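Numbered per numbering that gives the first Met the number 0, the sequence shown spans residues 0 to 179.
Below is one structure, written out as structure tokens; comments come after it.
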Amino acid sequence: MKVIVTTRHIQDQLKLENLKRYVLKKTKRIERYIRADREPSELRFILTVEKFRNTAELIINSGNFKATASVQSEDMHSAIDRAIETIIKQLKKQTDRKIRTKRRESLKTKPRIKASKLSKNKNFDTLMFEKLPKKPMSMEEALLQLKVSELGFIAFTNSETEAMNVLYKGKGGKIGLIEP
Numbered sequence: 000m001k002v003i004v005t006t007r008h009i010q011d012q013l014k015l016e017n018l019k020r021y022v023l024k025k026t027k028r029i030e031r032y033i034r035a036d037r038e039p040s041e042l043r044f045i046l047t048v049e050k051f052r053n054t055a056e057l058i059i060n061s062g063n064f065k066a067t068a069s070v071q072s073e074d075m076h077s078a079i080d081r082a083i084e085t086i087i088k089q090l091k092k093q094t095d096r097k098i099r100t101k102r103r104e105s106l107k108t109k110p111r112i113k114a115s116k117l118s119k120n121k122n123f124d125t126l127m128f129e130k131l132p133k134k135p136m137s138m139e140e141a142l143l144q145l146k147v148s149e150l151g152f153i154a155f156t157n158s159e160t161e162a163m164n165v166l167y168k169g170k171g172g173k174i175g176l177i178e179p
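Written out as structure tokens, the structure is:
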């Protein structure tokens with residue numbers, strides 16, 4: 000990660016070096032949340048002193064993530080700390096959002112099939128549950144799915160009538176339709 004420290008209106012060289020060391024020490028907290036090895040990232044600090052106001056502005060640019068935080072305080076160290084805290088909050092929020100969307104996508108794409116033993120009814124050894132696709136299909140799409148499918152039937156929501164229908168392969172290669 001590339002760290003750039005820019006100072007404005009700070010005349011004391013000793014204070015300037017101390018602030019740069021402090022900033023570099025504090026950037027390790029931000030590195031935990033950024034994948035600097037995978038994405039090129041840049042962290043820019045702009046430290047400004049105007050009379051009694053100390054302003055710490057933090058600009059982060061890492062891959063798709065771009066954020067800024069600007070904090071004013073009477074003490075430069077506290078301004079830097081608060082700017083880093085706001086950036087960390089933004090990073091956490093973004094990573095949580097990415098995790099939630101990935102989890103939602105994985106739940107949508109994988110069909111959920113559960114098997115459970117039936118202890119009461121001895122006619123069945125195992126009962127299989129399968130979720131149907133939520134997208135309604137036309138009759139032609141359902142026929143194509145039935146031909147491709149290994150099962151002898153397909154249950155679907157008809158896009159024209161919006162009712163539950165079942166297409167099945169009958170004896171002699173005939174195709175039957177069950178609708179409510």
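In this text, a Cβ means the ideal position worked out from N, Cα and C, and glycines have one as well.
Please read all numbers here as calculations on a predicted model, not as lab measurements.
For residue i, the first and last residue of its enclosing beta strand (DSSP E)
{"i": "Lys168", "result": "Met163 to Lys168"}
Residue i - partner residues in DSSP beta bridges
{"i": "Ala136", "result": "Rather than Ala, the amino acid found at residue 136 in this sequence is Met. According to DSSP, Met136 bridges with Asn157."}
{"i": "Ile59", "result": "Leu42 and Ala66"}
{"i": "Ser148", "result": "In DSSP, Ser148 forms no bridge with anything."}
{"i": "Arg96", "result": "None, per the DSSP bridge assignment."}
{"i": "Arg7", "result": "Thr47"}
{"i": "Ser72", "result": "Asn53"}
For residue i, three-class secondary structure by DSSP
{"i": "Gly171", "result": "helix"}
{"i": "Lys1", "result": "strand"}
{"i": "Ile83", "result": "helix"}
{"i": "Ile177", "result": "strand"}
{"i": "Arg52", "result": "strand"}
{"i": "Arg102", "result": "helix"}
{"i": "Ala114", "result": "Model confidence at Ala114 stands at a pLDDT of 49, short of 50, so the residue's coordinates are unreliable and nothing is read from them."}
Delimiting residues of the alpha helix (DSSP H) encompassing residue i
{"i": "Arg20", "result": "Gln12 to Glu30"}
With 16 other Cβ atoms within 10 Å as the buried cut-off, status of residue i
{"i": "Ile112", "result": "Reliability fails at Ile112, whose pLDDT of 48 lies under 50, so the model's placement of it is uncertain and the value that follows must be treated cautiously. Result: exposed."}
{"i": "Ala162", "result": "exposed"}
{"i": "Ile3", "result": "exposed"}
{"i": "Ser77", "result": "exposed"}
{"i": "Ile98", "result": "exposed"}
{"i": "Leu176", "result": "exposed"}
{"i": "Val22", "result": "buried"}
{"i": "Ser118", "result": "The predicted position of Ser118 is uncertain, since its pLDDT is 48 and thus under 50; a value taken from the coordinates is nonetheless stated next. Exposed: under 16 other Cβ atoms inside 10 Å."}
{"i": "Asn53", "result": "buried"}
{"i": "Arg28", "result": "exposed"}
(request) Could you tell me whether the stretch 49–56 touches the stretch 88–107, where touching means 3 or more Cβ pairs closer than 8 Å? (result) no
(request) Specify whether the stretch 59–71 and the stretch 31–45 touch according to this definition: at least 3 beta carbon pairs, one from each stretch, less than 8 Å apart. (result) yes
(message) When you compare the stretch 62–74 with the stretch 2–16, are there three or more beta-carbon pairs, one atom per stretch, that lie closer than 8 Å?
(response) no
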